[in-house]
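Numbering (our numbering), first residue to last: 1081 to 1356.
We put the beta carbon where it would ideally sit given N, CA and C, even for glycine.
See structure below.
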Amino acid sequence: EKKYEEVKSLGLSLDMSRGKPSADQLDLTMDMLNVMSSVEDCKAENGFDCRNYGVLDGMPECKKLFADILDVEPKNIIIGGTSSLNLMYDYLNQCMYLGVTGCEPWSKQGKVKFICNTPGYDRHFAITELFGIEMISVEMDEFGPDVEKIAELVKDPMVKGMFCVPKYSNPTGISYSDEVVLRFANLKPAAEDFRIYWDNAYGIHHLYEDKQDKILNILEECKKAGNPNMVYIFCSTSKISFPGSGVSAVASSVENIEYIMSHMTVQTIGHDKINQ
């Protein structure tokens, strides 16, 4: 705290934004704005007119794109709007007030707790703080978070979930080892409605040709371990093309996807299909 106060006293005004493309990077994808010039250009491969209402879970081509990025099936995908952070907020909100796949809403169960890997992503912490969720710190090393400690913490039925960035993790850049991912998939939480928010924000964002980390498919490993519903995977195109008009996605088990869709049909007619 003393060091923190010393830095504050310097009166610096620095832009600490991460992942914010320069104008040169944004210019690389300008041609994307010119791909539609006729009615036929607005038709999906199944003939659907993208200018109209409908297709709650996203255009089929877009679902295939994200399925390829996340190494899952299109049936496991829902396409969202510009921000994956918005999806994370939205689904945590659903867990709090509508419950998780038939379970009692978290808000009616008592003081909810979340595991927070430290160092971690400030936006994740901000969401949990906003909802009044108690945060429990778990330290990270070069292989990922302390899974031994996590395995102990999830024995508490009020520990309902955790946020994590498994690949090129904020802010250290480490990627989870196979052992860490397998331990995650094989967790035995006391809470049936425990969920991992697997924020795969940098799934294909390799910076160096000679260092392209590959992590195990958490959805597949959870299925093998008998925990098919335990994880939501989030991602977006925000660091790929235009972050101001990207497309986001969530992947999960078919049961989770169907449950999420049952709420979405009340919430929206569908996200921006022209953008998709």
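Would you say residue i and residue j are within 8 angstroms of each other, going by their C-beta atoms?
| i | j | result |
| --- | --- | --- |
| S1412 | G1179 | Absent from the structure is residue 1412, since the part of the chain shown begins at 1081 and ends at 1356. |
| D1137 | M1310 | no |
| G1224 | S1187 | no |
| C1315 | P1308 | no |
| M1241 | F1274 | Note on identity: in this sequence residue 1241 is Gly, with Met being the wrong assignment. Against a cut-off of 8 angstroms, the Cβ pair of F1274 and G1241 comes out as a contact. |
| I1216 | A1265 | no |
| Y1277 | F1243 | yes |
| V1227 | I1213 | no |
| I1284 | I1149 | yes |
| I1320 | N1156 | no |
| H1286 | Q1174 | no |
Looking at the strands, I want to know which residues DSSP matches up with residue i.
| i | result |
| --- | --- |
| T1198 | E1219 |
| P1225 | M1220 |
| E1214 | K1193 |
| I1158 | V1330 |
| W1278 | C1244, I1313 |
| V1239 | K1193 |
| D1129 | K1123 |
| Y1288 | K1291 |
If you draw a straight line from the C-alpha of residue i to the C-alpha of residue j, how long is it?
| i | j | result |
| --- | --- | --- |
| V1239 | M1168 | 17 angstroms |
| Y1084 | G1091 | 12 angstroms |
| M1112 | N1132 | 20 angstroms |
| N1355 | E1272 | 37 angstroms |
| S1255 | P1246 | 6 angstroms |
| L1165 | I1313 | 12 angstroms |
| N1197 | E1232 | 15 angstroms |
| L1106 | E1125 | 28 angstroms |
| K1082 | T1109 | 45 angstroms |
| C1130 | K1123 | 6 angstroms |
| V1087 | G1127 | 58 angstroms |
| D1121 | V1260 | 44 angstroms |
| R1263 | P1199 | 20 angstroms |
| L1094 | Q1292 | 30 angstroms |
| V1346 | V1334 | 19 angstroms |
| A1103 | S1163 | 20 angstroms |
Leaving out five residues on either side along the sequence, give the residues of the same chain with a beta carbon under 7 angstroms from the beta carbon of residue i.
| i | result |
| --- | --- |
| K1229 | V1218 |
| K1235 | A1270 |
Rounded to whole angstroms, how far is the Cβ of residue i from the Cβ of residue j, which I believe are closer than 8 angstroms?
| i | j | result |
| --- | --- | --- |
| P1323 | P1185 | So it is not a contact: roughly 33 angstroms between Cβ atoms. |
| I1207 | L1172 | 6 angstroms |
| T1317 | G1306 | That belief does not hold up - the Cβ atoms of T1317 and G1306 are roughly 33 angstroms apart, past 8 angstroms. |
| T1252 | M1220 | 7 angstroms |
| K1353 | V1135 | 6 angstroms |
Cutting at 6 angstroms between CB atoms, please list the residues of its own chain near residue i, excluding the five before and the five after it.
| i | result |
| --- | --- |
| D1279 | V1245, F1314 |
| D1151 | N1297 |
| P1154 | K1143, K1144, A1147 |
| N1250 | Y1201 |
Grab me the residues of residue i's own chain with a C-beta within less than 8 angstroms of its C-beta, minus the 5 sequence neighbours each way, in chain order.
| i | result |
| --- | --- |
| C1183 | E1272, D1273 |
| M1176 | P1185, W1186, S1187, V1192, F1211 |
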